[in-house]
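Report on the structure given below.
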Amino acid sequence: MINVGLQSSRLVSNCSYFYQEHLQRPLQREVQANDVTLVHRGHNVHEIQTNSSPSYNITETQEQRQKAVRETCAAYGGGDTNTFISRNLTDGQLSGLSYIYAIPEFKLLYCSIPKVGCTSWKRLILNITGYADALAELEKEKGALSVHETMQRIFQPLSKMDPGEAREVLKSYKKFMFVRNPYTRVLSAYRDKLILDKHSKWRDEMLEWMVTEDPQAAADVFLGRRNFTFEEFLRFYLSPINNNPHWREYYRLCLPCLVSYDFIGKFETMAEDSRYILDTLFRGNSSVGLSKSNRVTNSSNNASLMDFYSRVPKDLLRRVSMYSGFTIDSKLFSYDVPGFIQELIH
1 MINVGLQSSR
11 LVSNCSYFYQ
21 EHLQRPLQRE
31 VQANDVTLVH
41 RGHNVHEIQT
51 NSSPSYNITE
61 TQEQRQKAVR
71 ETCAAYGGGD
81 TNTFISRNLT
91 DGQLSGLSYI
101 YAIPEFKLLY
111 CSIPKVGCTS
121 WKRLILNITG
131 YADALAELEK
141 EKGALSVHET
151 MQRIFQPLSK
161 MDPGEAREVL
171 KSYKKFMFVR
181 NPYTRVLSAY
191 RDKLILDKHS
201 KWRDEMLEWM
211 VTEDPQAAAD
221 VFLGRRNFTF
231 EEFLRFYLSP
241 INNNPHWREY
251 YRLCLPCLVS
261 YDFIGKFETM
271 AEDSRYILDT
281 LFRGNSSVGL
291 SKSNRVTNSS
301 NNASLMDFYS
311 RVPKDLLRRV
321 SMYSGFTIDS
331 KLFSYDVPGF
341 IQELIH
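Structure follows, in structure tokens:
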């Protein structure tokens, strides 16, 4: 039964939120990439070829990414451009850090961003820390979602810690996160959660919204006459009630202007970045390889991007490109609006 009344409450935060919470780093570079999964050797691993470039300098890349974050944070009132300011988070801010997991075995903090390989990284972390067999058994019983459930049970997010302990961990642990182009991430979320997964709870969430926006369209989707369109999803994404973590902004999930990350990886350079992290932050652990995801959306592929975004009305494309969540994340992590989208909206 569709609850028509669930239309108001949660507002998507805009730039004003950004003034209150952040500080960190980014870079650019767009490479065609599929969704990848990081898997422990000995548990159905097929290693894949990567697009490593001999010209890819990890040190210079990190310097560029972090410089971009510092400058963006400073521009939005988050500190100065030369020194990185790690702020003392309030209890309220700490209670919102439910996506930053503490891994005491390696003294690491990982900010888990949905649709940027987070399932893969969680599985990797569970495997490396000795929970591979337990996870495999749970997956037989509960399926893929058991990765997220197991991670939450074993590794405490900062939001669950005592504020004093959380502050100490933030000071003493190394921290890393991964991002991707906001345009490809949103498309990936749409295809994965609303198209490929026919029983996703996110479908119910969007249907609730659609009932008030277009009852006939909602009925058609509910009765299986058709699926959600990408245009409808983008309108839902921009709506005030949308607060889904699968497409929530990076700056809201990870607070990069408040939390001093030691490494910022990108989906587009996942192979190079993950190898570096495994060699350094994970102390040279060599029991990990890269493999294809079992549900690839190909959303980073230029052809897929053009296919979906070219069917979106120009006025809606403009709204998406001007939306504060897209603009802030893009500036923080040096992502440009894809060229063909720029042509479509001008």
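Numbering of the sequence shown is given in full-length UniProt numbering, commencing with residue 1 and proceeding in unit increments. The beta carbon of each residue, even a glycine, is placed where N, CA and C say it ideally should be.
Endpoints, the beta strand (DSSP E) within which residue i is located
{"i": "residue 179", "result": "174 to 179"}
{"i": "residue 264", "result": "263 to 266"}
{"i": "residue 131", "result": "Residue 131 -> no beta strand (DSSP E), and no H or E assigned at all."}
C-beta atoms of residue i and residue j nearer than 8 Å
{"i": "residue 257", "j": "residue 113", "result": "no"}
{"i": "residue 175", "j": "residue 260", "result": "yes"}
{"i": "residue 96", "j": "residue 159", "result": "yes"}
{"i": "residue 351", "j": "residue 206", "result": "The question about residue 351 has no answer here: the residues shown for the chain are numbered 1 through 346."}
{"i": "residue 109", "j": "residue 173", "result": "yes"}
{"i": "residue 103", "j": "residue 178", "result": "no"}
{"i": "residue 249", "j": "residue 307", "result": "no"}
{"i": "residue 65", "j": "residue 334", "result": "yes"}
{"i": "residue 186", "j": "residue 251", "result": "no"}
{"i": "residue 317", "j": "residue 341", "result": "yes"}
{"i": "residue 121", "j": "residue 189", "result": "no"}
{"i": "residue 203", "j": "residue 89", "result": "no"}
Where residue i falls, given that 16 or more other Cβ within 10 Å makes a residue buried
{"i": "residue 180", "result": "buried"}
{"i": "residue 182", "result": "buried"}
{"i": "residue 157", "result": "buried"}
{"i": "residue 272", "result": "buried"}
{"i": "residue 242", "result": "buried"}
{"i": "residue 266", "result": "buried"}
{"i": "residue 192", "result": "buried"}
{"i": "residue 43", "result": "Because the pLDDT at residue 43 is just 33, under 50, the model does not fix this residue reliably, and the value given afterwards should be weighed accordingly. The residue in question, residue 43, is exposed, as its Cβ has fewer than 16 Cβ neighbours within 10 Å."}
{"i": "residue 235", "result": "buried"}
{"i": "residue 343", "result": "exposed"}
{"i": "residue 146", "result": "buried"}
{"i": "residue 310", "result": "exposed"}
{"i": "residue 303", "result": "exposed"}
Whole-angstrom distance between residue j and residue i, CA atom to CA atom
{"i": "residue 105", "j": "residue 129", "result": "7 Å"}
{"i": "residue 245", "j": "residue 107", "result": "25 Å"}
{"i": "residue 81", "j": "residue 75", "result": "Confidence at residue 81 is low in this model, with a pLDDT of 44, below 50, so its placement is unreliable and the value that follows should be read with caution. Their Cα atoms are separated by approximately 9 Å."}
{"i": "residue 199", "j": "residue 150", "result": "21 Å"}
{"i": "residue 326", "j": "residue 184", "result": "11 Å"}
{"i": "residue 152", "j": "residue 125", "result": "12 Å"}
{"i": "residue 226", "j": "residue 215", "result": "14 Å"}
{"i": "residue 83", "j": "residue 232", "result": "In this prediction, residue 83 has a pLDDT of 42, which is less than 50 and means its spatial position is unreliable; what the coordinates show is noted afterwards. Answer to the nearest angstrom: the Cα atoms are 43 Å apart."}
{"i": "residue 268", "j": "residue 338", "result": "14 Å"}
N-terminal and C-terminal residue of the alpha helix (DSSP H) that residue i is part of
{"i": "residue 276", "result": "270 to 279"}
{"i": "residue 58", "result": "58 to 75"}
{"i": "residue 128", "result": "118 to 128"}
{"i": "residue 308", "result": "302 to 309"}
{"i": "residue 254", "result": "250 to 254"}
{"i": "residue 190", "result": "182 to 190"}
Opposing strand residues paired with residue i [DSSP bridges]
{"i": "residue 157", "result": "101"}
{"i": "residue 110", "result": "101 and 176"}
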